[in-house]
Structure formats: structure tokens, C-alpha cells
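Okay, so here's the structure we're looking at.
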Amino acid sequence: MTDRKDMTLTSSGFYVSQEAPISCENPTPTPTVPAPDILRCAYMELVVTDLKRSRDFYVDVLGLTVTEEDDEAVYLRTLEEFIHHNLVLRQGPVAAVAVFGFRVRTPEDLDRAVAFYEELGCRVERRATGFTKGIGDSVRVTDPLGFPYEFFHDVEHVERLAWRYDLYTPGALVRLDHFNQVTPDVPRATKFMQDLGFRVTEDIQDEDGTVYASWMRRKPTVHDTAMTGGDGPRMHHIAFSTHEKHNILSICDKLGALRMSDNIERGPGRHGVSNAFYLYLRDPDGHRVEIYSQDYYTGDPDNPVVTWDVHDNQRRDFWGNPVVPSWYRDASLVLDLDGNPQPVTKREQASELEATIGADGFSYTRSADEGGMPEWKLGEYKLGHQL
Ligand SMILES: [Fe+2]
Numbered sequence: 085m086t087d088r089k090d091m092t093l094t095s096s097g098f099y100v101s102q103e104a105p106i107s108c109e110n111p112t113p114t115p116t117v118p119a120p121d122i123l124r125c126a127y128m129e130l131v132v133t134d135l136k137r138s139r140d141f142y143v144d145v146l147g148l149t150v151t152e153e154d155d156e157a158v159y160l161r162t163l164e165e166f167i168h169h170n171l172v173l174r175q176g177p178v179a180a181v182a183v184f185g186f187r188v189r190t191p192e193d194l195d196r197a198v199a200f201y202e203e204l205g206c207r208v209e210r211r212a213t214g215f216t217k218g219i220g221d222s223v224r225v226t227d228p229l230g231f232p233y234e235f236f237h238d239v240e241h242v243e244r245l246a247w248r249y250d251l252y253t254p255g256a257l258v259r260l261d262h263f264n265q266v267t268p269d270v271p272r273a274t275k276f277m278q279d280l281g282f283r284v285t286e287d288i289q290d291e292d293g294t295v296y297a298s299w300m301r302r303k304p305t306v307h308d309t310a311m312t313g314g315d316g317p318r319m320h321h322i323a324f325s326t327h328e329k330h331n332i333l334s335i336c337d338k339l340g341a342l343r344m345s346d347n348i349e350r351g352p353g354r355h356g357v358s359n360a361f362y363l364y365l366r367d368p369d370g371h372r373v374e375i376y377s378q379d380y381y382t383g384d385p386d387n388p389v390v391t392w393d394v395h396d397n398q399r400r401d402f403w404g405n406p407v408v409p410s411w412y413r414d415a416s417l418v419l420d421l422d423g424n425p426q427p428v429t430k431r432e433q434a435s436e437l438e439a440t441i442g443a444d445g446f447s448y449t450r451s452a453d454e455g456g457m458p459e460w461k462l463g464e465y466k467l468g469h470q471l
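471 is the number that our numbering gives the last residue of the sequence shown; the numbers go up by one with no jumps.
What follows is the structure in C-alpha cells.
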């Protein structure tokens, strides 16, 4: 942990520091061999309990393009995805995440992935023909945090639909932006991901240094994945991006018009963390999907790390709107390499939900020495302030 006095407080209420201000007391061993060179988060395989119902949601409502499908699985992509898919829906008995897929720079990076995870004693499987349609030689692992990851380089490129403006809808989803994972020990998970070559861009912590969440990137955006503190390993959400924030408002209008407002969990709004516009949806199995737009460039190697105080009302919603409790509590199971749900370990450290909206929680938009909240505001029903 970096002392607050060693961070620079900005006029927007967050702090910046040059290195991630997160220290870990029980790290996973750092492998002696190099990590695979990961390009980006590339696809997720979701197990769904009613394939037709889920296909209706992702294709008819959200407008994803079907690359290929059969009785067991549907392979989907956004309009600016040029490889075979960035989402696979697979029929199965238990709603869960089967794989978090990452593309690596070269075929040799698959050998590096095998050596990296074998040194950690992880279960590793390799298939020259790939595990999934549209993807060649690949490596699957259960990582030290319990998550199922796949690494691949060889892909099938498909027709580029980015120029097909006749196919764009008002709420068009253009790219897969990121994953978000739930893990009990965020500093430990962050340290492991740093060993894997990720850089921290933002985090949420309290004055004692308890870390509630961290955001990490390979591609030059705010993140390819984030670690959210909670019972895990579980999957918090998968996020697809739109070009503009008005596209997100169109999705809200469409869900309203279809009498599907129940599928909206939180938002629309503007995040403090990431500065992106957002909307959270739940699919027919309860898997959480974020629609996300317009974060910022992080590709410079000395990009400073942004730290938000857990009690800052604007960290998760820049307009100060409350975070609903389900958003903190609910997440999807993840599977081991045999397809069985991974056991979930309880988070022992402080919970963000309890720190900010529980009976003992408090939060602020401006500090008490700046005058605190006006009296009329104290009477508002506002989670995170007086519940
Ligand atoms: Fe997200």
C-alpha cells in the first residue's frame, strides 16, 4: 500500500500514483519463465440453460451477429470483431462461465503459456485443433485463482461487417471490451495478473489500504479484465462497447418498449472508475452483461494509476447514483476444465457493499470540511449515504 501522502490528489477527487499502490502479503510464486504475450481479452464461453432463450436475448434484443451455430452452441460476434466470435453460448446444465479467452501475439506464446502455468502447478491442457470452432491451437488452464483461461493465436478471420452500416441498429454493439472477475483477495489476484504481464490502471481502496477492486489492461484501454473483491472465483460481467453513449440510451428504450425493463440491473450512468458510460443488464440465466462506451487511452508505459476512495460516492457512478446490492452480491459460477463448477471461497476482507451501503457505511461527495451535504440532501433516499 502507498500512503495517501505519497499519492497526488486530483481536482476530480481521485488520487494518482506512478506504480500500483497495492501490496500483497501472500503472493502466488512468480514463475521463472516468461509470461505469454497477451494481446487482449478475446472471447468468453457462457454456459446457458436454455440456448434458444439466450440466443433470443443476445441476437434479437442485443443484435449480436451469428457466425455459426448448431444444436449445442451459438458463436456470436460484434460488428467490429474480425475473428470468428467474441461470445460463445453453450447449452449446459448449470449457468456458468466455461472459459475466459485471451489472444496471444505468436504461436510460440502458447508454449510460453504451458511453461508458465506448469511451473505454478496448474492444470494445463493443449489441443492442436483447438477447443472451439474458429480457433486453432490453444491452451486451457485453471489458473492459481481458480479461473478457466484459454490462450490462442490461430484464428479463422470472418467477413468484416464494420463497414456494413445497413446492419447497424441504434444500439449496435461494436467490440468486446473487457471481463470482470470476482475473487476473495484482490491484492493476491492483482499480483498474479501483474506476473502475467498486466498493468494496473485504476483501483478502489480505503485509507487502511484494503483493496476492493482493481482494473488491469493489456490492450491500451482501461482494462481487459478487472478483479472485484467478493466470494470467488466467479464472473462478475462481460462488457461489450458501443461507439457512442446515445447507443446505450437506445438499448434502454428498446428494453422498455419490449417490456424487458427487468433485464436492466443498474444504469445507465457514467462511471467514475474508467470514465466510461455504462449500463448493466442480466441475461436470461442472470449472467451480467455491461454495455460500455468511451473510456480513455492507457497505452503509454508510464500511464499513472488512478486510486478512488471506497467512500467516494462518485467512484462507481460519477453522478452519485446508488449501486444496487445485487450488483455487489450476484455473480456467475466458473467451471473447471472438466466442466464442473469451481468451489467458491468466501471473501474475508471488508466488503465494499458493507463499507458503503451497510448499516455502518458512510460515503461522501465532498468532505465535511468543505461543508458536507446540504440538509435537504440528507433527507433523500440515497443508498450509500444514510442507510
Ligand atoms: Fe465493466
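Glycine residues also receive a C-beta, built at the ideal position from the N, C-alpha and C atoms.
Selected residue, minimal CA-CA separation from residue i, among the options
i	options	result
Trp-392	Gly-185, Met-344, Phe-324, Asp-287	Asp-287
Leu-194	Asp-154, Arg-211, His-320, Val-181	Arg-211
Leu-160	Arg-139, Ala-179, Ala-180, Gln-175	Arg-139
Ser-107	Ala-341, Gly-293, Glu-192	Gly-293
Thr-112	Leu-93, Phe-98, Tyr-201	Tyr-201
Val-408	Cys-336, Leu-204, Gly-351	Gly-351
Phe-276	His-320, Gln-289, Gly-230, Val-242	Gly-230
Arg-137	Asp-121, Gly-176, Phe-215	Gly-176
Glu-243	Val-258, Glu-165, Tyr-381, Ser-96	Glu-165
Leu-163	Pro-458, Glu-374, Leu-245	Leu-245
Glu-438	Arg-302, Asp-290, Gly-383, Lys-338	Asp-290
Phe-98	Val-390, Arg-283, Arg-400, Asn-405	Val-390
Val-270	Asn-397, Glu-349, Arg-431	Arg-431
Thr-213	Asp-121, Glu-374, Val-239	Val-239
Thr-114	Asp-367, Asn-397, Arg-301, Asp-279	Asp-279
Arg-26	Asp-401, Arg-413, Asn-397, Gly-423	Past the boundaries of the shown model lies residue 26; the chain is included only from 85 to 471, so the question cannot be answered.
Ser-96	Pro-406, Arg-399, Asp-121	Arg-399
Val-178	Arg-283, Val-131, Leu-363, Trp-247	Val-131
Gly-370	Gly-456, Leu-123, Leu-342, Ile-322	Ile-322
Trp-299	Asp-121, Cys-336, Ile-332, Asp-261	Asp-261
Leu-251	Thr-226, Thr-149, Arg-343	Thr-149
Glu-103	Ile-122, Asp-90, Arg-366	Asp-90
C-beta atoms of residue i and residue j nearer than 9 Å
i	j	result
Arg-272	Asp-420	no
Ser-345	His-395	no
Gly-281	Glu-234	no
Gly-220	His-237	yes
Pro-317	Gln-433	no
Pro-388	Val-100	yes
Asp-379	Thr-309	no
Glu-203	Thr-116	yes
Gly-340	Thr-253	no
Thr-355	Ala-415	Note that residue 355 corresponds to His in the displayed sequence, not to Thr. Not closer than 9 Å, so no.
Thr-326	Ser-377	yes
Thr-216	Val-188	no
Leu-135	Leu-173	yes
Val-418	Pro-228	no
Pro-105	Arg-196	no
Lys-56	Phe-361	In this structure the chain extends from 85 to 471, so residue 56 is not present and cannot be described.
Val-258	Phe-324	yes
Thr-274	Thr-382	no
Gly-205	Ser-334	no
Glu-349	Asn-264	no
Trp-403	Arg-372	no
DSSP three-state assignment for residue i, whether helix, strand or coil
i	result
Arg-318	strand
His-241	strand
Ser-101	strand
Thr-429	strand
Arg-399	coil
Ala-443	At Ala-443, the pLDDT of 48 sits below 50, so the modelled position is not reliable; the number obtained from the coordinates is stated separately. Coil.
Arg-248	coil
Leu-419	strand
Arg-450	coil
Leu-471	Caution applies to Leu-471, whose pLDDT of 38 falls short of 50 and renders its modelled position unreliable; the model cannot decide the point.
Arg-187	strand
Distance cut-off 8 Å: residue i Cβ against heavy atoms of ligand 2
i	result
Ser-107	What this structure holds is ligand 1, not ligand 2.
Short CB-CB distance (under 9 Å) between residue i and chain C
i	result
Leu-251	Any reference to chain C falls outside this structure, which holds one protein chain only.
Report the residue ranges of all alpha helix (DSSP H) runs contained in full by the segment 108-182; include only those spanning at least 4 residues, in chain order. 135-139
Indicate whether the contact test is met: 3 or more Cβ pairs, each with one atom in the segment 126-137 and one in the segment 165-182, closer than 8 Å. yes
Mind pulling the beta strand (DSSP E) runs of 3 or more residues that sit fully within the segment 307-392? 309-313, 318-325, 348-354, 361-366, 372-377
Measuring CB atoms only, is the segment 414-429 touching the segment 140-148, in the sense that at least three cross pairs come out at less than 8 Å? no
What alpha helix (DSSP H) runs, 4 residues minimum, are completely inside the segment 254-301? 270-279
Starting from the N-terminal side, write out each stretch of the beta strand (DSSP E) that is 3 residues or longer and does not extend beyond the segment 195-240. 208-211, 222-226, 232-236
Any contact of the segment 149-160 with the segment 309-316, i.e. 3+ C-beta pairs under 8 Å? no
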